[in-house]
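Single-structure report; data block below.
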Amino acid sequence: MCCNSFSSLPEMPATQASLAERVARAAEDALAAHGYVSPIDMLLGIRWLDSSWWERWQQGRIDTLQEGLQVRPDRIAQAVRLLRDWAESKALQPREAVYIARTPERPTLRFTYDGEPSIEADFRTHWMSPTLSDKQRARVIAKSDAAPELVVIIPLNRDWKCHRCGKDGGMLVMEKPGPCCLRCAGLDDLEFLARGDMRLTRRAKAKSERCAVVVRFSSARKRYERQGLLLEPQAIAEAGGSLQDQTY
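Written out as structure tokens, the structure reads:
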């Protein structure tokens with residue numbers, strides 16, 4: 057994909073009805089699902105952004121979301137404008153959301169190569185339903201702005217080396233340069249709580265100030281599946297759990 061600036065684009069001619077219809081359908085689906093629609097919802101909905109690239113971006117494995125968009129910048133800008141026009145026609149209420157990386161450092165995520173402030177703001181804009189009550193709106197905002205959970209991977213192949221220290225084995229966190237061990241990621245003091253006991257998991261998670269979701273790739277289903285959580289040991293103990301037999 058070329059790296060043309062989003063900010064210096066000329067005004068687009070009359071948009072094609074087919075793209076406007078696709079944008080509207082994707083927006084309607086997102087709005088019905090969680091009370092707001094964002095440019096990311098729209099790009100996923102019209103299939104210009106694959107969920108695997110979106111996950112890489114969240115994990116900090118690519119610098120910008122634009123790297124995962126195999127569409128010309130002018131077409132992306134056109135789709136974002138169509139979303140804004142659609143949202144304004146429905147009297148949706150705009151607000152800027154917070155996008156934080158799913159990494160221990162928690163940096164702010166960037167959308168475009170240039171990082172031009174007005175374009176970045178366009179991508180952060182969530183268009184909210186005007187029919188939400190104050191309580192519903194507060195819940196939606198809290199959920200959308202919450203920092204995403206850290207993801208730790210149980211690798212199928214244990215023959216890997218940490219890109220920071222060179223040690224191998226165990227769980228890992230994926231970073232842009234490569235896999236990172238839990239010690240280098242600052243997570244080695246947490247303990248694994250396997251899934252299965254939902255009540256225990258809820259209690260322990262509520263008591264733990266730090267948490268990471270543990271996943272493993274399923275070759276049969278071709279996707280990562282949740283295996284449990286990494287939590288503070290005292291939180292597991294206080295919730296009534298045992299650290300014994302918490303193997304993976």
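Going by the working numbering, the sequence shown opens with residue 57, and the numbers climb by one from there.
Cβ atoms here follow ideal geometry from the backbone N, Cα and C, with glycine treated the same way.
Keep in mind that this is a model prediction, so the values were computed, not measured.
| Item | Value |
| --- | --- |
| Element boundaries [alpha helix (DSSP H), containing L100] | P95 to G101 |
| With 16 other Cβ atoms within 10 Å as the buried cut-off, status of T181 | buried |
| Cβ pair V271, Q290 closer than 8 Å | no |
| Close beta carbons around L165, own chain, < 6 Å, minus the five adjacent residues each side | Y155 and A157 |
| Residue of G297, C267, P95 and I102 minimising C-alpha distance to E205 | C267 |
| Under the three-state DSSP convention, the category A147 falls into | coil |
| When V196, D224, M254 and W183 are compared against R137, the one with the closest alpha-carbon | W183 |
| Unbroken beta strand (DSSP E) run spanning Q283, endpoints | R279 to L287 |
| Closest by C-alpha distance to A177, when choosing among C240, E152 and T159 | E152 |
| Rounded Cβ spacing between A143 and I102 (contact assumed at less than 8 Å) | Actually they do not touch by this definition, with Cβ atoms about 15 Å apart. |
| Cβ pair R117, K232 closer than 8 Å | yes |
| Exposed unless 16 or more other CB atoms sit within 10 angstroms - verdict on C40 | The requested residue 40 does not occur in the structure, where the chain is confined to residues 57 to 304. |
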